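Notes for the one structure printed next.
Chains as they are written, first to last, in our numbering: chain A, 142 to 388; chain B, 22 to 578.
Shown next as structure tokens:
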């Protein structure tokens, strides 16, 4: 479970308010899509969840554990895939995965089994022996996803994970996300692809100008908007447009 | 798109030399770097010019007595062109074929010749200060000796700004050839390091000549023979290198326009070749290079073996990660290797620089000193502790810091791995340096009882000091690797503080021995101080690291 309590974050000595008093709870076994226009505060929120940024105010709780007081334990239950893959280019894919597995304290048997499973799933069998520098953008993204999944995390945080993936890898990822949720794990991901969020998510959150303007299942959003057949894209445009007008 | 627009965009987009660049420096509160860097460069240039003037003055005297005063200009051009050719090969490769903006530029409706022109101008701009530094002192002396004349002014302007295009064009053609015969994707780092090493060898050679001439002019030894040697080489070099000879002869009154015209023609021919061949092959070369980046496939069994191998433990994994970062860039490797080899290099250079008679006198004096072992300990500790490798190891991670911070690895484990990496490199270098120094100075072997623990203890202290500055305020947002390591103020702060610590600990000990104290006992005292200090500081560093890593990416302030 992810609980964000009154999170706020500013940049440039308070000149830019990236996230404003954001509160949100994502339950165990829930697949949550985090939507918003560019610069709305999605990545800043995600970076605060995974411990890359410290909130100015507020708390992040992962499975009830405050990330500030229990940083190591919180990170151990997280899997994180950033929007732009961060990999050591001079390593081979398998060495990188071994390094990540060592960081999470996996045994040789666990690591072997996970690597086998993930490389089959993401069709990376032939590429893991190569240096990462030779990978295409999609392969880098797949390796980044594999590294986020290698320790079978309790909570998976993905920032724009579909971008750059081929249709087969995108399908594999979506299936993986659903499987994780079925196993009682939490998946939180940001995306600009409305169709993916619409088809996949139990609930979606829409953030604009650093504020959470909605967080509900799609049906509930439609009911609130009074448009029973509205697509998520239409709802998103209306909500973020109103928000812009309000500002 | 106009070529001038492309050149303008290239300069604005890749250097600080624009109003946008200065604004960005101002936004990052880094404008103060400009006067500091300017002062550093000024001091370096002044020292170099002083020494060059010493050599050129001697060459001018020899040239005048042989009736060939232009000899000094010839050597000025020769040194500059040789240096430009060697040092510009890695620059050409990196600017023309490996710069990140190529991926973007190649998609624009821009002709390859325009890209090559814009990039070549950047190379010219990077190399112009080196050329001016090496050539202007010789021109200055020559003008002072023969007076101003029309040939001198015309040849002077052409030699200052045009004819150095000859070695630059040559280096572009050489790089083109290299691209054809070597898989640069695999050997790029090695090639860049080799190019930089060759430039350093040239620089050291020049430094040796300059110093020997300076020392020789004081002692009366070395200088005349060396200058006579230069005069003898002049005729041979003139025959072997007509373009340099033509450029130099253009300065002589009465030589007519032929030499300088010849010089301009060969330069123009080379430029024409470059503008023909480089754009012709540019797209193909860049595309081929990108394709060549696809390495050979690792076998499935190797992957399986690796995935099933025993876990290494996170600290060991992080030590491997340190190597992956250091070896990811030629700038990093070159700096690290240079710092590892600094003592053997200095010993080698001094043995070449100082005339034999002076050297043997100095050796008999040094080896008889009671403070020999103590002074050698201080020297070796300084040489192996004043390093940018540890002082910038967090900055070097750059954007990869986000990965480090997202892993469940404590700050102390991260820093412990960096300490082991430091010791792997520099404790080894310390032991090797002690062995070399024993062969050179034959210090009493019993001194090793304190030299070894004192050195390792103080090295750990040096590591703690160096990395503390980088932990406090790492430079994680860098676009060029030099900003992370060479131009990183954390390195200067760390090294300066460590130098102070060594002076504070070793200085009084050396003075005590000089006043008749027992060298062995005082050395053991230094070892105890070093080891104790390391034992006291290390836990504090680990606690500091935990706090800083807990702060996330904002540890950068």
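Cβ coordinates follow ideal geometry from the N, Cα and C atoms, glycine included.
These figures come from a predicted structure and were not determined experimentally.
Worksheet item: Just the Cα atoms here: how many angstroms apart are residue 292 of chain A and residue 244 of chain A?
Response: As the crow flies, the alpha-carbon of residue 292 of chain A is around 10 Å from that of residue 244 of chain A.
Fill in: Alpha carbon of residue 157 of chain B to alpha carbon of residue 255 of chain B, nearest angstrom
Rounded to the nearest angstrom, the gap between the Cα atoms of residue 157 of chain B and residue 255 of chain B is 19 Å.
Worksheet item: What does residue 428 of chain B touch in chain A if you count any residue whose Cβ is under 8 Å from its own?
Response: Residues of chain A passing the Cβ test: 216, 241, 244, 245.
Discussion item. Could you compute how far the alpha carbon of residue 227 of chain A sits from the alpha carbon of residue 518 of chain B?
Written reply: Between the alpha carbons of residue 227 of chain A and residue 518 of chain B lies a distance of about 34 Å.
Discussion item. Taking 8 Å as the threshold (C-beta atoms), are residue 137 of chain B and residue 327 of chain B in contact?
Written reply: No. Outside cutoff.
Worksheet item: Cβ of residue 223 of chain B within 8 Å of Cβ of residue 107 of chain B?
Response: Yes, these two residues count as a Cβ contact at 8 Å.
Discussion item. If you reduce the DSSP assignment to three classes, tell me which class residue 389 of chain B lands in.
Written reply: For residue 389 of chain B, the secondary structure class from DSSP, reduced to helix, strand or coil, is coil.
Practice prompt. Determine, using beta carbons only, whether residue 331 of chain B comes closer than 8 Å to chain D.
Written response: The displayed structure is made up of protein chains A and B, and chain D is not among them.
Worksheet entry | Nearest neighbour of residue 81 of chain B, chosen from B:126, B:456, B:70, B:167 [CA to CA] | Selected option, being the one with the closest Cα: B:167.
Worksheet item: DSSP three-state call for residue 266 of chain B: helix, strand or coil?
Response: Three-state result, residue 266 of chain B: helix.
Worksheet item: Within 8 Å (strictly less), CB to CB, does residue 568 of chain B reach chain A?
Response: No, no contact with chain A.
Discussion item. Does the CB of residue 433 of chain B have a neighbour CB from chain A at under 8 Å?
Written reply: For residue 433 of chain B, the nearest beta carbon of chain A is not closer than 8 Å to its own beta carbon.
Worksheet item: Interface residues of chain A around residue 522 of chain B at Cβ under 8 Å?
Response: Listed along chain A, no residue sits closer than 8 Å to residue 522 of chain B by beta-carbon distance, the nearest being about 32 Å off.
Discussion item. Here's a check: name, in chain order, each residue in its chain whose Cβ is nearer than 6 Å to the Cβ of residue 458 of chain B, leaving out the five neighbours to either side.
Written reply: Result list for residue 458 of chain B: 397, in chain order.
Discussion item. Taking 8 Å as the threshold (beta carbon to beta carbon), is residue 270 of chain A in contact with chain B?
Written reply: For residue 270 of chain A, the nearest CB of chain B lies under 8 Å from its own CB, placing it at the interface with that chain.
Worksheet item: Got a sec? Which residues, its chain only, sit under 6 Å from residue 479 of chain B by beta carbon, not counting five neighbours each side?
Response: A distance below 6 Å between beta-carbons, with the five flanking residues on each side excluded, links residue 479 of chain B to the following residues of its chain, in chain order: 402, 551.
Practice prompt. Please name the residue in B:159, B:118, B:189 whose C-alpha comes closest to that of residue 149 of chain B.
Written response: The shortest C-alpha separation from residue 149 of chain B is found at B:189.
Practice prompt. Please state whether DSSP places residue 152 of chain A in a helix, a strand or coil.
Written response: In the three-state scheme derived from DSSP, where H, G and I count as helix and E and B as strand, residue 152 of chain A is classed as strand.
Item to complete: Would you check if the region 182-202 of chain A and the region 269-278 of chain A touch, i.e. whether three or more CB-CB distances between them fall below 8 Å?
Response: Contact annotation: the region 269-278 of chain A does not touch the region 182-202 of chain A, with fewer than three C-beta pairs closer than 8 Å.
Worksheet item: With contact counted as at least three CB pairs below 8 Å, one residue from each stretch, are the region 156-176 of chain A and the region 248-256 of chain A in contact?
Response: The region 156-176 of chain A and the region 248-256 of chain A do not touch, with fewer than 3 CB-CB distances between them shorter than 8 Å.
Practice prompt. Name, please, each residue of chain A whose Cβ falls closer than 7 Å to the Cβ of residue 335 of chain B.
Written response: In chain order: 243, 244.
Item to complete: Have a look at A:297, A:159, A:378 and flag the residue whose alpha-carbon is nearest the alpha-carbon of residue 148 of chain A.
Response: Put simply, of A:297, A:159, A:378 the residue whose alpha carbon is nearest the alpha carbon of residue 148 of chain A is A:159.
Item to complete: Taking only runs that begin and end inside the region 382-448 of chain B, name each unbroken alpha helix (DSSP H) of 4 or more residues, in chain order.
Response: With a minimum length of 4 residues, the continuous alpha helix (DSSP H) runs that stay inside the region 382-448 of chain B are 393-406, 409-412, 422-427.
Worksheet item: By DSSP, does residue 87 of chain B sit in helix, in strand, or in coil?
Response: Look at residue 87 of chain B here: in three-state DSSP terms it is coil, with no helix or strand label.
Discussion item. Measuring straight from C-alpha to C-alpha, what distance separates residue 361 of chain A and residue 346 of chain A?
Written reply: If I take the Cα positions, the gap works out to 12 Å.
Worksheet item: Excluding sequence positions up to five away, which residues of its chain have a Cβ less than 6 Å from the Cβ of residue 414 of chain B?
Response: Result list for residue 414 of chain B: 439, in chain order.
Fill in: residue 526 of chain B classed as buried or exposed, judged by whether at least 16 other C-beta atoms fall within 10 angstroms
Counting Cβ neighbours within 10 Å, residue 526 of chain B comes out buried, since at least 16 surround it.
Worksheet item: Under 8 Å, do residue 144 of chain B and residue 113 of chain B count as touching if we go by C-beta distance?
Response: Yes; because the gap between Cβ atoms is below 8 Å, this pair is in contact.
Discussion item. Out of A:281, A:259, A:299, A:264, which one is the CA nearest neighbour of residue 219 of chain A?
Written reply: Comparing Cα-Cα distances from residue 219 of chain A to each of A:281, A:259, A:299, A:264, the minimum goes to A:299.
Worksheet item: Closer than 8 Å, CB to CB, is residue 157 of chain A near chain B or not?
Response: By this cut-off, residue 157 of chain A is not an interface position.
Discussion item. So if I threshold CB-CB distances at 7 Å, which residues from the region 147-176 of chain A count as touching chain B?
Written reply: From the region 147-176 of chain A, no residue has a Cβ closer than 7 Å to chain B.
Worksheet item: Considering only residues of the same chain and omitting the five flanking positions on each side of residue 334 of chain A, which have a CB-CB separation below 8 Å?
Response: Within the same chain, residue 334 of chain A has close Cβ partners 303.
Worksheet entry | Span of the alpha helix (DSSP H) around residue 479 of chain B | Judged by DSSP secondary structure, residue 479 of chain B falls within the alpha helix (DSSP H) whose first and last residues are 469-493.
Fill in: Length at least 3, wholly inside the region 204-257 of chain A: the beta strand (DSSP E) runs in chain order
DSSP runs (the beta strand (DSSP E)) wholly in the region 204-257 of chain A: 219-222.
Worksheet item: Any residues in the region 402-426 of chain B with a beta carbon nearer than 7 Å to a beta carbon of chain A? Which ones, in chain order?
Response: Listed by position along the chain: 420, 421, 423, 424, 426.
Worksheet item: Between which two residues does the beta strand (DSSP E) containing residue 430 of chain A stretch?
Response: As shown, chain A starts at 142 and ends at 388. That puts residue 430 of chain A outside it, with no answer to give.
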